[in-house]
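Report on the structure given below.
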Amino acid sequence: MPSNIVEILTADELRRTITRLASQIVEKSGHPSQLVLMGIYTRGVYLAELLARQIQALEQVSVPVGALDITFYRDDLDQIGMRTPAKTEIPFDLTGKTVVLVDDVIYKGRTVRAALNAVSEYGRPAAIWFAVLVDRGHRELPIQPDFTGKKLPTAKEEQVKVYLQEMDGRDGVELIRF
């Protein structure tokens with residue numbers, strides 16, 4: 683591994699982190715049957731599916747999973763560039779449910795702010811929580827995750843890269859220093 687890349691979570695540590703996050707979500711919910719998971723494209727969708735499988739294993743409750751594209755709700759498209767939107771898929775009613783937004787990394791908070799705006803167009807949940815695999819700090823908005831896999835103080839010029847088997851052929855998290 684090049685010296686500018688630091689392994690933060692191995693595949694086993696990532697698996698244990700998913701298990702812990704799923705347990706925390708179940709514990710806080712009290713009623714996992716009222717939960718729905720909404721993954722934020724791209725890696726948040728895969729993480730939401732992993733969490734749902736783990737909740738199923740822990741509680742024998744099937745938690746619905748949706749996929750949320752937030753492209754048109756972003757306020758920073760001029761900085762990140764336009765991209766082709768993915769398809770938002772919410773095959774269930776959000777009204778009265780506890781929606782858990784799921785993403786891989788929180789940085790400035792703009793992605794989850796956009797996700798909150800997007801969710802409001804699909805129903806009125808009883809509550810919205812936010813679960814993230816890695817919190818790297820540097821928030822520009824007053825948004826904090828309810829569930830955090832790993833807090834990782836970073837420099838602004840560093841990058842956190844999450845690898846998931848379903849997309850990348852391997853699991854892990856790396857810190858890339860430029």
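If you read the sequence shown in our numbering, its first letter stands for residue 683, the second for the next number, and so on. C-beta: ideal position from N, C-alpha, C; glycine also. Here the structure is a predicted model, which means the values were calculated and not measured.
- The beta carbon of T836 lies closer than 6 Å to those of R818 in the same chain, with the five residues before and after it left out.
- Put simply, the backbone Cα of A809 is about 19 Å away from that of I737.
- CA-CA distance, I788 to S744, rounds to 27 Å.
- Taking C-beta separations shorter than 6 Å and ignoring five residues to either side along the sequence, the partners of A768 in its chain run Y723, D751, following chain order.
- Only residues of its own chain outside the window of five on either side were considered, and among them H820, R821, E822, L823 have a CB closer than 8 Å to the CB of K790, listed in chain order.
- Secondary structure note for G748: its beta strand (DSSP E) is the uninterrupted segment 747-750.
- With 16 or more other Cβ atoms from the protein chains shown falling within 10 Å of its own Cβ, F812 counts as buried.
- Taken through DSSP and simplified to helix, strand or coil, L717 comes out as strand.
- Distance from I707 to L733 at the Cβ level is roughly 7 Å; contact confirmed, criterion being Cβ atoms closer than 8 Å.
- By the criterion of a C-beta distance shorter than 8 Å, F774 is surrounded in its chain by V718, P746, G748, once the five residues flanking it on both sides are discounted.
- With contacts defined as CB atoms closer than 8 Å, E839 and V688 fail to qualify as a contacting pair.
- In this structure, DSSP gives T780 an extended state, which the three-state scheme calls strand.
- Rounded to whole angstroms, the Cβ separation of A704 and M720 is 15 Å, and the two are not in contact under 8 Å.
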